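The sequence shown begins at 470 in our numbering and counts up one residue at a time. These notes concern the structure reproduced below.
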Amino acid sequence: SQQGCDPFAQTQRSKLQHRRARINQQINKEMRMRAGAENLFRATSNHKVKETVALELSYVNSNLQLLKEELEELNSSVDVYQNDSESISVPMIPLGLKETKELDLMVPLKDLISEHYGEEGILFEKEIKEFMELRQAMRTPSRNEAGLELLMEYYNQLYFLDSRFFPPTKSLGVFFHWYDSLTGVPSHQRALAFEKGSVLFNIGALHTQIGARQDRASLPGLNQAIDAFQKAAGAFNYLKENFSNAPSLDMSAASLNMLVRLMVAQVQECVFEKMTLLRTQHDFLSWLQLAQEAARVEDVYSLVHQTMTQAHVKDYVPFSWTTMVHVKSEHFKALSHYFAAIALCDCPAASDAELPEQEKAFIQFHVTMPEGPSLQVLLQDPEERRKLGKAHLKKAIMKHEEAMRIHGLCKILRKMDILQEVLSFAHKRSLNKYSEIDHEEDFFETGDAPDIHPKTHQKPEIKSPNFSQVKVTDLFHRLGPLSVFSAKNKWYPARRVHLMRGENGFGFTLRGDSPVLIAGVIPGGCAAEAGLKEGDYIISVNGKDCKWSKHAEVVQLLKSTGEEGVEIGVITLQGSEGPKASDKKAAAMSSGSGLQKSNKENSRKSLMNSKSASTLLVWSKKSKRSKKSTYGVPFTAVGDNEAMY
470 SQQGCDPFAQ TQRSKLQHRR ARINQQINKE MRMRAGAENL FRATSNHKVK
520 ETVALELSYV NSNLQLLKEE LEELNSSVDV YQNDSESISV PMIPLGLKET
570 KELDLMVPLK DLISEHYGEE GILFEKEIKE FMELRQAMRT PSRNEAGLEL
620 LMEYYNQLYF LDSRFFPPTK SLGVFFHWYD SLTGVPSHQR ALAFEKGSVL
670 FNIGALHTQI GARQDRASLP GLNQAIDAFQ KAAGAFNYLK ENFSNAPSLD
720 MSAASLNMLV RLMVAQVQEC VFEKMTLLRT QHDFLSWLQL AQEAARVEDV
770 YSLVHQTMTQ AHVKDYVPFS WTTMVHVKSE HFKALSHYFA AIALCDCPAA
820 SDAELPEQEK AFIQFHVTMP EGPSLQVLLQ DPEERRKLGK AHLKKAIMKH
870 EEAMRIHGLC KILRKMDILQ EVLSFAHKRS LNKYSEIDHE EDFFETGDAP
920 DIHPKTHQKP EIKSPNFSQV KVTDLFHRLG PLSVFSAKNK WYPARRVHLM
970 RGENGFGFTL RGDSPVLIAG VIPGGCAAEA GLKEGDYIIS VNGKDCKWSK
1020 HAEVVQLLKS TGEEGVEIGV ITLQGSEGPK ASDKKAAAMS SGSGLQKSNK
1070 ENSRKSLMNS KSASTLLVWS KKSKRSKKST YGVPFTAVGD NEAMY
């Protein structure tokens, strides 16, 4: 069985979580004090009391502010997850995993097995224990492929748990407790959808941690980071489209939308880094391309920044994240102008042969055309190129300074030397270039360079989770095939029937397998006499369990009976009595692979509109409904594998 990380090792992560929880308790206490004080403030008309309460309120509010800042600092402990490589890579933002409380399912599941399935609950203790051990391991997944597989395995196993033990009308009475990844606030719900959604969130979060750990100075590291952030975006997006009404903020639509955009931006940044790593050409066109790629990164980060500063999002997104994203958008804007200047100043002016190609690239390079001479003159006159290059550098320097200013406002980021180094290196590089191309005799006013049109050669993909990559078998397989033995079906208590064999056989028609269905009963035959009915499922023959048996196996058992007859165990589904019973048999399901189910994920509201439903993986149903032939009497009609015995 799969293992989580050692949950007892007080890792930096769990230390963080404990401090988070402690601060949150203090915050809750202060909030209660504040609510009490506010009520008193409103209710009293006594001037003295009002003054005292106002003083207390200001004290509570400043306390809350300090606690929130402390929490802020914890939530932003990005360095816990960063890689250990020496090379300078700008830090990425990883997410902390949602933590959950232990869950004891032994009693509720045993009760349900005896009440609903009519089996001895005690006989299933091993399976229940195995499920609980899987859940325990999944709380602390390792930060690698094995950890992801562990989360996927548990997620897929929840499909079976849902089908077996969560009837549509009744709750199991168990609460699933999970902590918010961003605020540390606990929430709980009885709906299994909350458990599934939280595990899915952690699949996304684990991808972000794997992405942030890669050494992006190498091509394999970059490709792995791109893959990880794309899969993180896919997990958050899938969660947003298929689950609703989550009780915690980190899983609200607004929050997930922000996380998807953040991941897409981090992919775009990796794409830019990949381009700088693989560059072999340093000609005019390749510098323009690099400038446009940087402008694209700036573009996506400013979109994330807008999303993070929306009213209902900004209160719980760590200030250091918002700052980091803002810093990056300014930094990449500066870079785009710097590369534009290099293209203009360091590359030789266009020859007549190069002109058409350079003109074509340059027409689409700026957001608005630069003022001044015609394109041809601009590209062929070194002085004109220097002038425009200088304008781009002036803008680059302004943006570098802005990035450094914003960086300095956040005390958590100020501690991140790497980011500081990257920003000041880029700033110095632009300053040096400026002083190199600046002539003392320049009398012209350096103009305002237009912005660079964003363009990328590799669009980020949002990669949905592939649940079928981790195959799981139903732990509660022994309860019988899910097509019949599920939480949503009800059946009458099993009957034991003693059946003798007449000269015309047993007098019934059998169809299908796992479990075999009695499709027809001949009036006046042995089966009818013994009390067997159309629509009964055979679950045992002479005490041998036949729930999973194939058609031929059951027939073999029946045929091998002698004079003394045979003891058959059958069940009848409630609500299936009547002539069409045989057609009501649910499509049989193969239990080999666990896919995402597409029915309502949340009891209160289903998001299954046609758009998102089509993206869901539907449990593969193999239809076992026979095409009955129309001639002859109904019960002798022999379909696919229907035969009289």
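Glycine included, each C-beta is placed from N, C-alpha and C at the ideal position. As the structure is a prediction and not an experimental result, all values here were calculated from the model.
- Cβ contact annotation for Ser558 (same chain, cutoff 8 Å, sequence separation greater than five): Asn552, Asp684, Arg685, Ala686, Glu742 and Ile887, in chain order.
- Note: Trp647 is bridge-paired with Thr569 and Ser656 in the DSSP secondary-structure output.
- Trp1017 is not bridged by DSSP to any residue.
- According to DSSP, residue pairing for Tyr785 in a beta bridge does not occur.
- Collapsing the DSSP output to three states places Thr521 in a helix.
- Less than 7 Å separates the beta-carbon of Tyr1114 from that of Gly974.
- Contact check for Val773 against Leu731 passes: the beta carbons are separated by less than 7 Å.
- Selection Val733, Gly976 and Ile1040 evaluated against Lys959 yields Ile1040 as nearest (Cα-Cα).
- Distance between His835 and Val522, taken at the CA atoms: about 59 Å.
- Straight-line spacing of the CA atoms in Ser820 and Gln849 works out to 7 Å.
- Secondary structure of Gly989 (DSSP, three-state): strand.
- Burial of Leu728 is indicated by the presence of at least 16 other C-beta atoms within 10 angstroms of its C-beta.
- In this structure, Met607 keeps its C-beta atom at 7 Å or more from the C-beta atom of Leu574.
- With distances taken between CA atoms, His800 lies nearest to Val769 out of Val769, Phe510, Ala1021 and Leu824.
- Of the other Cβ atoms in all chains shown, fewer than 16 fall within 10 Å of the Cβ of Ser843; this residue is therefore exposed.
- Where Val939 is concerned, there is no enclosing alpha helix (DSSP H), because DSSP gives it neither an H nor an E.
- Around Gln1043, the same chain offers Lys959, Trp960 and Tyr961 as residues with beta carbons nearer than 7 Å, after the five sequence neighbours per side are excluded.
- Exposed is the label assigned to Thr745, since fewer than 16 other Cβ atoms lie within 10 Å of its Cβ.
- Counting only the Cα atoms, Met777 lies some 40 Å from Phe634.
- For Arg501, the closest C-alpha among the options Val518, Asn515, Val529 and Glu520 is that of Val529.
- Spanning the alpha carbons of Trp790 and Ile562 requires a straight line of approximately 7 Å.
- Straight across, the Cα-Cα distance linking Ala810 with Trp756 is about 9 Å.
- Residue environment analysis places Gln626 among the buried positions, since at least 16 neighbouring C-beta atoms fall within 10 angstroms of its C-beta.
- In the structure shown, His908 adopts coil according to DSSP, grouped into three states.
- For Arg965, the enclosing beta strand (DSSP E) has its first and last residue at Arg964 to Leu968.
- DSSP places Arg980 in the uninterrupted beta strand (DSSP E) bounded by Phe977 to Arg980.
- Counting only the Cα atoms, Phe629 lies some 21 Å from Asp1014.
- For the pair Ala701 and Leu564, the Cα-to-Cα distance works out to about 10 Å.
- In this structure Tyr807 touches Ala865 by the C-beta definition: roughly 4 Å separates them, less than 8 Å.
- For the 7 Å CB-CB criterion, Trp647 and Thr749 do not form a contact.
- Three or more Cβ pairs closer than 8 Å define a contact, and the segment 686-695 falls short of that threshold against the segment 708-717.
- As DSSP reads the structure, His835 sits in a beta bridge with Ile921.
- Within the segment 678-728, the runs of alpha helix (DSSP H) at least 4 residues long that lie entirely inside it are, in chain order, 688-711.
- Under the three-state reduction of DSSP output, Thr1041 falls in the strand class.
- Burial is judged here by how many other beta carbons sit within 10 angstroms of a residue's own beta carbon; Asn706 has at least 16 and is buried.
- In this structure the segment 910-921 does not lie against the segment 815-829, because fewer than three pairs of beta carbons, one per stretch, are closer than 8 Å.
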